[in-house]
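When you line the sequence shown up against this note's numbering, it's residues 4 to 125, in that order. C-beta atoms are modelled at their ideal positions from N, C-alpha and C, and glycine is treated no differently.
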Amino acid sequence: MSEIDLITAALAAGALAGASGAASEAVQDAYAALRDLLRTRLVGRPFAQQALDSNEQDPNRWVTAIRRDLTEVGADRDEDVLAAARALLARAPKPHGHQVFISNSKGIVVGDGNENHVTFNG
Numbered sequence: 004m005s006e007i008d009l010i011t012a013a014l015a016a017g018a019l020a021g022a023s024g025a026a027s028e029a030v031q032d033a034y035a036a037l038r039d040l041l042r043t044r045l046v047g048r049p050f051a052q053q054a055l056d057s058n059e060q061d062p063n064r065w066v067t068a069i070r071r072d073l074t075e076v077g078a079d080r081d082e083d084v085l086a087a088a089r090a091l092l093a094r095a096p097k098p099h100g101h102q103v104f105i106s107n108s109k110g111i112v113v114g115d116g117n118e119n120h121v122t123f124n125g
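Listed below in structure tokens is the structure:
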């Protein structure tokens, strides 16, 4: 998992836990800490800040959009942000099944024990 994947997975996990009512106080605090850190990194990027603030409604909708901004501001290289993302993921309820975020990929197979043979031409 890349650092950007780690951050977006943590944000989505925090948002989903809050929306489902499954968020403990520790999860809520960890989620708030991560979002506060990211808000300071995303100053001057109103679209990304708006997405970060509205993610409780539909975290999957903004994940792809916010990835570029997080990379451009160096969130993926900020040890405080990465530590906050790891702390949130460690506390968040584990989803049943799989949660997958995929972008710019080909030949994806999701699930356990699956096999796929793909030949890409070009």
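- The beta carbon of Ala88 lies closer than 7 Å to those of Leu9, Ile10, Ala13 and Leu37 in the same chain, with the five residues before and after it left out.
- Listed in chain order, the non-local C-beta contacts of Asn124 below 8 Å within the same chain number zero, local neighbours out to five positions each way being set aside.
- Ile7 and Arg70 do touch by the CB rule: their CB atoms are close to 5 Å apart, below 8 Å.
- Of Arg44, Asp56 and Gly17, the smallest CA-CA separation from Glu82 is found for Arg44.
- A distance below 8 Å between beta-carbons, with the five flanking residues on each side excluded, links Phe50 to the following residues of its chain, in chain order: Ala68 and Asp72.
- For Glu75, the closest alpha carbon among the candidates Gly47, Val121, Val30 and Ala86 is that of Gly47.
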